[in-house]
Amino acid sequence: MAHGIKLEDHLERHLKGSDAVRAAAAQAILAIARAGCSIADLVGAGPLAGPLAAVRGESNFGDTQKELDLKADALMIEALRSAPVAVVGSEEMDEPLVLSPGAPLAVAIDPLDGSSNIDTNAPIGTIFSVLPMPQDAGDASSFSAFLQRGRHQLAAGFLIYGAQTALVLTVGEGTQIFTLDRSRGNFLLTTHEVRVPEETREYAINGSNRRHWDEAIQLYVRDCEQGRDGPRGIDFNTRWIASMVAEAFRILMRGGVYLYPRDARQGYGQGRLRLIYEANPIAFLMEQAGGAATNGAKPILEILPTSLHQRVPLVFGSREEVRRIVRYHTDPSSLAERSPLFGKRSLFRV
246 MAHGIKLEDH
256 LERHLKGSDA
266 VRAAAAQAIL
276 AIARAGCSIA
286 DLVGAGPLAG
296 PLAAVRGESN
306 FGDTQKELDL
316 KADALMIEAL
326 RSAPVAVVGS
336 EEMDEPLVLS
346 PGAPLAVAID
356 PLDGSSNIDT
366 NAPIGTIFSV
376 LPMPQDAGDA
386 SSFSAFLQRG
396 RHQLAAGFLI
406 YGAQTALVLT
416 VGEGTQIFTL
426 DRSRGNFLLT
436 THEVRVPEET
446 REYAINGSNR
456 RHWDEAIQLY
466 VRDCEQGRDG
476 PRGIDFNTRW
486 IASMVAEAFR
496 ILMRGGVYLY
506 PRDARQGYGQ
516 GRLRLIYEAN
526 PIAFLMEQAG
536 GAATNGAKPI
546 LEILPTSLHQ
556 RVPLVFGSRE
566 EVRRIVRYHT
576 DPSSLAERSP
586 LFGKRSLFRV
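Dropping the structure here:
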């Protein structure tokens, strides 16, 4: 398919001609894209837009909130008011926010992923998940609208604000990438069918936390570090940007695997990333691109959430490498070179 198709035309073709709920999802995606353009302008202006990295507070869950976090949240919510969205759940809000009671959609967002990189000129982004409102949700202000498995997502994606601003999107028919044409303010299709290579020689993990990892993760990383002289028999590269959207974009482009496991630090025992508005949308994108995502024991999209801000361990990327990491935790006997060493509990068991 030729490049240059507008996001609006893509959604018209794939969503608006279908049932009313999927057509509503198209309106929500366009609203998110509009807000993304405004956020991209702020990011592009950097310090000219003010002290965007200044700390403005802390959520009830212990996360630091910076100026750009709050600005991005406000821009996203204001844009979604014009869409058929009943309720929004955001990383920046303790509870869901009701917008249009009776509307058919619930939207979950991480308004600004990678905010530790705001003042470093590294890529940051917005992650979103579009869900149908359950018929039995009752009061839209309740959390029940978001307590659906990721398989129920109508659409998911992320915006990445870097040297280029791109929208990575799935509506359940593959994963596409749209690039912002800044001169016209339009997102244009630039990659129609993203395919993540099944195998890889590249992994991303924050190695500074090695001492806190369970033995399974330590052994996996050690095997990769030993390269062709170790049990893997091939050399690996390692990456870590501290911005999940940047890691995900790279993996979509050339393969790789990303690991953010639970560990022994206080507050990290159940993982650190949020299931509903971080792990689920990334998992949906990866699976639609031929990749995989897991908490180490089961696919991310099969986990039934119990709370809006629930945390999970997360591994995603090239399918065969994700499967191997799962075996390090759940079926060590299938890894002959390592099977005698697995005597401790799994890092991912929840």
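One gets the working numbering by counting positions in the sequence shown from 1 and adding 245 to each.
Don't be surprised by glycine CBs; every beta carbon is placed ideally from N, CA and C.
{"Item": "Since D254 is in the alpha helix (DSSP H), which residue starts that stretch and which ends it?", "Value": "L252 to L256"}
{"Item": "Let me confirm a value: M498 is counted as buried when at least 16 other C-beta atoms fall within 10 Å, else exposed. Which label applies?", "Value": "exposed"}
{"Item": "Please report the straight-line C-alpha distance between F481 and Q272, rounded to a whole angstrom.", "Value": "42 Å"}
{"Item": "Rounded to the nearest angstrom, what separates T371 and N362 at their Cα positions?", "Value": "13 Å"}
{"Item": "In this structure, does DSSP put G334 in helix, strand or coil?", "Value": "strand"}
{"Item": "For G407, which residues of its own chain have a beta-carbon under 6 Å away from its beta-carbon, when the five flanking residues on both sides are left out?", "Value": "P368"}
{"Item": "Excluding the five sequence neighbours on either side, which residues of its own chain have a C-beta within less than 8 Å of the C-beta of D358, listed in chain order?", "Value": "I369, G370, T371, I372, F403, S488, M489, V490 and E523"}
{"Item": "Does the beta-carbon of D480, which I'm using as the reference point, lie nearer than 7 Å to any heavy atom of the ligand MN?", "Value": "Among the components modelled here there is no ligand, and therefore nothing to report on the ligand MN."}
{"Item": "Give me the residue from R495, V571 and L313 with the minimum Cα distance to A534.", "Value": "R495"}
{"Item": "Helix, strand or coil, according to DSSP, for Y406 in the structure here?", "Value": "strand"}
{"Item": "Per the DSSP calculation, E303 is bridged to which residue(s)?", "Value": "T309"}
{"Item": "Whose C-beta lies closer than 6 Å to the C-beta of R609 among residues of the same chain, with five residues either side of it excluded?", "Value": "One cannot answer for residue 609 here, as it falls past the ends of the chain, which runs 246 to 595."}
{"Item": "With distances taken Cα to Cα, identify the nearest neighbour of L256 among F432, G472, V502 and A319.", "Value": "F432"}
{"Item": "Apart from the five residues just before and just after A493, which ones in its own chain have a Cβ nearer than 6 Å to its Cβ?", "Value": "I527"}
{"Item": "Label S374 either buried or exposed according to how many other C-beta atoms from any shown protein chain fall within 10 Å of its C-beta, with 16 as the threshold for buried.", "Value": "buried"}
{"Item": "Taking the alpha-carbon positions, what's the N451 to W485 distance?", "Value": "6 Å"}
{"Item": "Anyone know if the C-beta pair for T445 and E532 falls short of 8 Å?", "Value": "no"}
{"Item": "Going by the beta-carbon positions, is the gap between A542 and H457 smaller than 8 Å?", "Value": "no"}
{"Item": "Express the C-alpha separation of V332 and P377 in angstroms, rounding to a whole number.", "Value": "11 Å"}
{"Item": "Within its chain, find whatever has a CB closer than 6 Å to the CB of A390; leave out the 5 residues flanking it on each side and keep chain order.", "Value": "V332, A351, M378 and A382"}
{"Item": "For K316, which residues in the same chain have their Cβ closer than 8 Å to its Cβ, ignoring the five residues on either side in sequence?", "Value": "I284, L287 and L297"}
{"Item": "Within 10 angstroms of its Cβ, does I479 collect 16 or more other Cβ (buried), or is it exposed?", "Value": "exposed"}
{"Item": "Report, in whole angstroms, the separation of the C-beta atoms of T539 and V502, which I expect to be a contact under 8 Å.", "Value": "Actually they do not touch by this definition, with Cβ atoms about 10 Å apart."}
{"Item": "Among Y573, H554 and L520, whose alpha-carbon lies nearest the alpha-carbon of Q398?", "Value": "L520"}
{"Item": "Under the assumption that L313 contacts S360 (Cβ atoms under 8 Å), give the Cβ distance between them as a whole number of angstroms.", "Value": "6 Å"}
{"Item": "Roughly how many whole angstroms lie between the Cα atoms of T309 and R301?", "Value": "8 Å"}
{"Item": "Going by other Cβ atoms of all chains shown within 10 Å of its Cβ, with 16 needed for buried, is G347 buried or exposed?", "Value": "exposed"}
{"Item": "Would you list the residues sitting across from D358 in a DSSP beta bridge?", "Value": "G370"}
{"Item": "Which same chain residues end up closer than 7 Å to Y465 when comparing Cβ atoms and leaving out the 5 residues on each side of it in sequence?", "Value": "I570 and Y573"}
{"Item": "Cα-Cα, which of S552, V560 and D426 is closest to S306?", "Value": "Checking the sequence, you will find Phe at residue 306 rather than Ser. Of S552, V560 and D426, the residue nearest in Cα terms is S552."}
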